[in-house]
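Novice: In terms of the numbering used here, the sequence shown opens at residue 36 and continues consecutively. Here it is, the structure in full.
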Amino acid sequence: MQLYTHLTANNITLKNLPFRFEIAMEAYLIENKDILRLDDEQFSDVEIIDTELPLSFGRKNKNTDGRVDILALYSQETIAVVELKLGELNKVHLEQLEDYLDHTSQILGYYRDLNNSQSQYSWIGVLVGSRIDENLAENIKNGLKTRQGFLLAALTIQRFQGEDNQIYVLTNTYFKQNSAKDYSKYEFRGKEYKKNRYVLAVLKTYVEEHPSITFAELKSVFPDKLIYPNKLGVFTTQKEAEEIVARTGRTRHFLKPEELIHLTDQTISVCNQWGTGNIENFAQHARTIISHT
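So this is what it looks like as structure tokens:
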């Protein structure tokens, strides 16, 4: 018997439209990376670092090489190894993901900027499929970790096509954050911010209070050394930030229209590469030049 799934939303009948190949699911997630968000806080800002990453002897149980489907970064603090499956996620897929997580050093070796960063990244394994075994789902919701002690999450994705040929996607997230990593927030003007968004808020407010400030003058107030050992600087021009994306494929600055800051002579982008290794330098300096209350 052939089973068809139908869903009705706003009087539109939707028909099940599953991904036929993993590479199609991968492409969809790359184009819609926010689907990989796990919460509205520490695992909300998603950056795709790479795809189809080869791992020498990555499959411990099979004594063969492996391949990471998607390598992502959450909020510049947590590296995610993402394993995709077309069907139901189960224990076998978790074991494959754990094999890949045995090779975090090998993964970091591919990326000089991550490997040389002063930030101490944490790791998370993320399983993505169309369905999930009930026992596995329940264990993950209860805080199951990988055998390495890393956080574990799972997402199910179901795709539908409407009568109007529009595509609709239904996702479910299984995740319980129970990490001891430092996810401290910084308070500024009555609000709490994650590390990198705290920097953005401070610079935006400072410029609002000094509307005639130039690029050079702002550099003297927030010198590049505050983000040491990172060499990107606290901020740069929008043009340079966009060129970095084109050159490296990585987004190192806040570039959404509402995140850009307009000076008298330049439009600037604030660096988003802030972690435990450099945020305190900035915070101590910021408290001396702008009121935080």
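Backbone N, C-alpha and C fix where the C-beta goes; we use that ideal spot for every residue, glycine too.
Provide the residue(s) that pair with glutamine 193 in DSSP beta bridges, ordered along the chain.
Specialist: Position 158 of the sequence shown holds residue 193. Its beta-bridge partners are Leu205.
Novice: On the DSSP bridge assignment, give the partners of histidine 288 in chain order.
Specialist: Along the sequence shown, read from residue 1 onward, the residue named residue 288 stands at position 253. Partner(s): Cys306.
Novice: With a threshold of 6 Å on Cβ separation, who are the neighbours of leucine 9 within its own chain once the five nearest residues in sequence on each side are excluded?
Specialist: Residue 9 is absent from the structure shown; the chain starts at 36 and stops at 328.
Novice: So what's glutamine 153 in DSSP terms, helix, strand or just coil?
Specialist: One-based indexing of the sequence shown puts residue 153 at position 118. Residue placement at glutamine 153 is poorly supported in this model, since its pLDDT is 48, which falls under 50; the coordinates are not used for a value here.
Novice: Rounded to the nearest angstrom, how far is the Cβ of valine 117 from that of leucine 71, given a contact under 8 Å?
Specialist: Position 82 of the sequence shown, counted from the first residue, corresponds to residue 117. Position 36 of the sequence shown, counted from the first residue, corresponds to residue 71. Confirmed, about 7 Å.
Novice: Among Arg282, Ile248, Tyr146, Asp80, whose alpha-carbon lies nearest the alpha-carbon of arginine 232?
Specialist: One-based indexing of the sequence shown puts residue 232 at position 197. Nearest C-alpha to arginine 232: Asp80.
Novice: Name the one or two DSSP bridge partners that leucine 119 has.
Specialist: As a working note, residue 119 is residue 84 in the sequence shown. According to DSSP, leucine 119 bridges with Val163.
Novice: In chain order, which alpha helix (DSSP H) runs of at least 4 residues are fully inside the segment 239-284?
Specialist: 250-256, 273-283
Novice: For leucine 52, collect the residues of the same chain with a Cβ closer than 6 Å to its Cβ; drop the 5 residues on either side in sequence, then sort them by chain order.
Specialist: Taking the first residue of the sequence shown as 1, we reach residue 52 at position 17. Same-chain partners within the cutoff: Arg194, Phe195, Gln196.
Novice: By how many angstroms is the C-alpha of threonine 272 removed from the C-alpha of proline 264?
Specialist: Position 229 of the sequence shown holds residue 264. Position 237 of the sequence shown holds residue 272. Near 20 Å, if we compare the C-alpha coordinates of threonine 272 and proline 264.
Novice: Straight-line CA distance for aspartate 134 to glycine 101?
Specialist: For the purposes of this step, residue 134 is taken as the residue at position 99 of the sequence shown. For the purposes of this step, residue 101 is taken as the residue at position 66 of the sequence shown. If you take the alpha carbons of aspartate 134 and glycine 101, they lie about 9 Å apart.
Novice: What's the C-alpha gap between aspartate 168 and isoleucine 279?
Specialist: Residue numbering aside, residue 168 sits at position 133 when the sequence shown is read from its first letter. Residue numbering aside, residue 279 sits at position 244 when the sequence shown is read from its first letter. Those two C-alpha atoms are separated by around 41 Å.
Novice: Do phenylalanine 270 and serine 304 count as a contact pair if the criterion is CB distance below 8 Å?
Specialist: To locate residue 304, count along the sequence shown from 1; it is residue 269. To locate residue 270, count along the sequence shown from 1; it is residue 235. Result yes, Cβ atoms of serine 304 and phenylalanine 270 sit closer than 8 Å.
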